Amino acid sequence: MASNLLSARNVEFLLYEWLDVERLSTRERFAEHSRESYDALLGLAEQLATDHFATHFRKSDEQEPTFDGEKVHLIPEIGEALRRFAEMDGFALQADEEYGGMQLPATVGTAASTWFTAANIGTACYSFLTIANASLLVAHASDEIKERYARPMFEGRFFGTMAMSEPHAGTSLGDVTTRAIPQPDGSHRVFGSKMWISGGDHEIAENIVHLVLAKLPDAPAGTKGISLFVVPKYLVNADGSLGERNDVVLSSINHKLGSRGTVNTAPVFGDGAFEPGGRSGAVGYLVGEPHKGLKYMFHMMNAARLAVGTAATGTASAAYLKSLDYARNRPQGRALGTSDQSTPQVDIIEHTDVRRMLLAQKSYVEGAMALTLLCASLLDDEKTAETEEARAEAAKVLGVLTPIVKSWPSQWGQESTSLAVQVLGGAGYTRDYDVEQHWRDQRLNPIHEGTHGIQAMDLLGRKILMDGGAGLMALAGRMEATIAAARGLGGEPSGYADQLKAQLDRIGEVTFGLVGLGEPDKIMANATTYLEAAGHLVVAWVWLEQLVAAGEKQGDFYDGKRQAGRYFFATELPKISPMLDLVAAGDLTAYEMQDAWF
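In this text, residue positions in the sequence shown follow our numbering: the first is 4, and each later residue adds one.
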């Protein structure tokens with residue numbers, strides 16, 4: 004029976020018929036794997052997500068975390084699901100063998116992860132944060148820190164967080180005031196408050212490893228003065244056993260719109276609630292070099308941005324499939340032109356507008372899924388491609404796509420989930436059906452790991468203009484190859500290729516024309532519109548890639564794939580033109596709006 008979380012057939016198509024992940028087994032890092040091991044993992048992920056994550060989806064929303072002033076309490080099913088996730092080595096799927104990892108390709112690991120986000124993002128979030136935290140430490144920390152903190156996280160015994168934002172400084176990280184005071188033994192004492200820290204305290208792991216941005220006494224101003232510290236809930240002895248409770252407590256927890264199973268916290272470091280070593284101050288350990296903390300944290304932030312895109316994709320997928328099931332089983336009305344009211348009602352999927360909403364969802368969900376797996380495949384190529392040139396090219400393309408893979412599934416996954424609610428009509432906004440919870444869960448993704456505005460400034464400012472357009476040109480080169488392949492097929496794919504080529508050329512013209520606006524504020528005034536246009540262009544490209552991979556293969560699956568691609572090119576790609584017109588005109592309406600006029 005087909006799942007109502009994710010289409011296993013679509014995952015199979017994307018991995019094997021489009022991205023050809025089997026080729027990765029020829030690379031040394033993945034030599035122990037094959038399609039057999041990939042399929043076994045994906046099957047296990049589907050089973051675990053269905054049996055142990057989806058089963059408490061509603062309960063974790065209705066019985067959200069509580070804080071009694073000392074401890075955070077979660078429903079037991081969350082800890083049990085994550086324990087089983089650890090048993091399948093879920094925390095270490097992509098980790099090095101040195102740390103007990105399976106060294107799976109990121110492409111396969113991301114596909115497996117999407118099952119869990121579709122089933123229950125509130126529970127899955129704990130694993131994503133932990134994996135990203137441990138991976139950062141492996142990349143940048145000392146061997147001692149890796150052994151004491153990264154290894155237990157890969158084993159699923161310790162969980163991790165990223166502690167960046169503060170009550171007065173959200174994305175303005177240069178303004179953080181958390182302090183780290185050097186100690187004679189080489190450690191530091193950390194003092195300060197953080198806000199919006201997911202997974203910041205609970206009892207479902209032996210320990211919690213906070214990665215904390217703080218400033219040393221001699222730190223230069225702004226982001227150049229930020230350092231990164233490991234601050235555990237419990238200190239860890241040399242033999243790996245747990246030591247004293249560290250001086251880390253919560254001032255409160257936040258009560259969220261959605262994804263309620265993930266506790267969101269306001270931790271305080273060093274207020275004297277505990278006295279490790281006989282005095283106040285949270286004991287922390289410097290990661291890497293002083294004043295390079297933000298650079299290191301981007302390792303985790305970029306992983307988190309792909310994770311948010313994956314979460315948005317999984318959530319939209321579950322809402323789509325549940326609305327599809329409802330539409331197939333909800334009788335209402337009769338076909339247009341039927342005058343005999345004594346005839347049986349038809350299921351609402353027979354009504355054209357319902358099919359329109361379902362087809363839009365399919366185009367968004369399958370486009371987003373293709374985008375997230377493409378970015379994961381670029382991660383694999385960045386690390387393991389045969390030549391240095393190929394690795395560098397993959398890194399360039401991935402750099403441009405990272406803000407898009409975070410923002411596009413978040414924005415259009417929200418639209419897709421909203422359509423799922425609409426398909427159910429009055430039932431859609433009741434808590435008797437899951438789609439309203441998926442809609443609330445989804446609404447967090449456009450904010451997580453940087454809002455659309457932040458991603459827009461990253462894309463246009465850092466990834467394109469500051470880079471001289473190198474990343475954009477590398478991406479354009481890949482698009483041109485797809486366009487050529489589609490033209491070679493003739494028919495509809497050739498027509499889509501012409502549409503994509505016209506919009507690709509236009510976005511290039513508009514991008515390089517922006518420099519003429521002069522002042523940075525004016526150049527960036529329409530950055531969010533630019534991001535949306537670029538996102539739609541990229542998703543049109545991955546749809547064309549899928550259509551090329553489908554070729555002339557026959558069957559309902561391929562016919563459905565072609566129809567969803569047809570919908571995207573007919574309905575969605577044309578939306579780029581007015582967006583680019585606005586950007587090209589250098590419209591300053593929002594820029595010139597004054598506070599008093601509101």
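Beta carbons: idealized from backbone N, C-alpha and C, even for Gly. A quick note: this is a predicted structure, and the numbers were derived from the prediction, not measured.
Nearest-angstrom Cα separation, counted from residue j out to residue i
i       : j       : result
Phe-277 : Glu-20  : 56 Å
Leu-374 : Thr-355 : 28 Å
Phe-60  : Ser-380 : 30 Å
Lys-525 : Lys-466 : 18 Å
Gly-494 : Glu-512 : 28 Å
Thr-174 : Ala-587 : 28 Å
Val-311 : Asp-501 : 32 Å
Thr-315 : Ile-134 : The sequence shown places Ala at residue 315, not Thr. Cα-Cα distance, rounded: 18 Å.
Glu-80  : Asp-54  : 11 Å
Phe-571 : Asn-249 : 53 Å
Pro-523 : Arg-443 : 35 Å
Tyr-323 : Pro-185 : 52 Å
His-613 : Leu-47  : Coverage of the chain is limited to positions 4 through 601, which leaves residue 613 absent and any answer about it impossible.
Arg-358 : Ile-352 : 6 Å
Val-426 : Ser-201 : 32 Å
His-451 : Ser-345 : 52 Å
Val-215 : Leu-447 : 22 Å
Trp-544 : Pro-347 : 43 Å
Val-518 : Ala-397 : 26 Å
Endpoints, alpha helix (DSSP H) assigned at residue i
i       : result
His-171 : Counting along the chain, His-171 falls outside any alpha helix (DSSP H), and DSSP gives it neither H nor E.
Val-424 : 391 to 427
Ser-366 : 355 to 387
His-539 : 530 to 553
Lys-525 : 523 to 526
Ala-89  : 79 to 90
Arg-12  : 11 to 15
Pro-155 : 154 to 157
Reduced DSSP secondary structure (H/G/I, E/B, other) of residue i
i       : result
Ser-63  : helix
Val-311 : helix
Gly-568 : helix
Leu-132 : helix
Ile-211 : strand
Pro-108 : coil
Lys-218 : strand
Asp-590 : coil
Leu-576 : helix
Leu-96  : coil
Ser-230 : strand
Asp-178 : helix
Thr-117 : helix
His-205 : coil
Val-75  : strand
Pro-223 : coil
Phe-584 : According to the sequence shown, residue 584 is Asp rather than Phe. Looking at Asp-584 - three-state DSSP - the assignment turns out to be helix.
Residue i: first and last residue of the uninterrupted beta strand (DSSP E) it sits in
i       : result
Ala-183 : 182 to 185
Tyr-237 : 237 to 239
Phe-194 : 191 to 196
Residue i: CB within 6 Å of a non-hydrogen atom of the ligand SAM
i       : result
Met-460 : The model on display carries no ligand, and the ligand SAM is accordingly not part of it.
Buried/exposed call for residue i, threshold 16 Cβ in 10 Å
i       : result
Met-527 : buried
Phe-515 : exposed
Lys-227 : exposed
Tyr-594 : exposed
Asn-332 : exposed
Gly-243 : exposed
Trp-118 : buried
Gln-414 : buried
Phe-601 : exposed
Pro-334 : exposed
Ser-366 : buried
Leu-377 : buried
Asn-240 : exposed
Leu-591 : exposed
Thr-574 : exposed
Leu-2   : The question about residue 2 has no answer here: the residues shown for the chain are numbered 4 through 601.
Pro-577 : exposed
Ser-497 : exposed
C-beta neighbour in chain B for residue i, strict 7 Å
i       : result
Leu-520 : No chain B is present in this structure, which holds just one protein chain.
Entirely enclosed alpha helix (DSSP H) segments - the segment 246 to 324, minimum 4 residues:
none
In the segment 21 to 53, which residue ranges form an unbroken alpha helix (DSSP H) of at least 4 residues, counting only runs that do not cross its ends?
38 to 51
Where are the alpha helix (DSSP H) runs, 4 residues long or more, that stay fully inside the segment 435 to 514, in chain order?
438 to 446, 455 to 460 and 473 to 492
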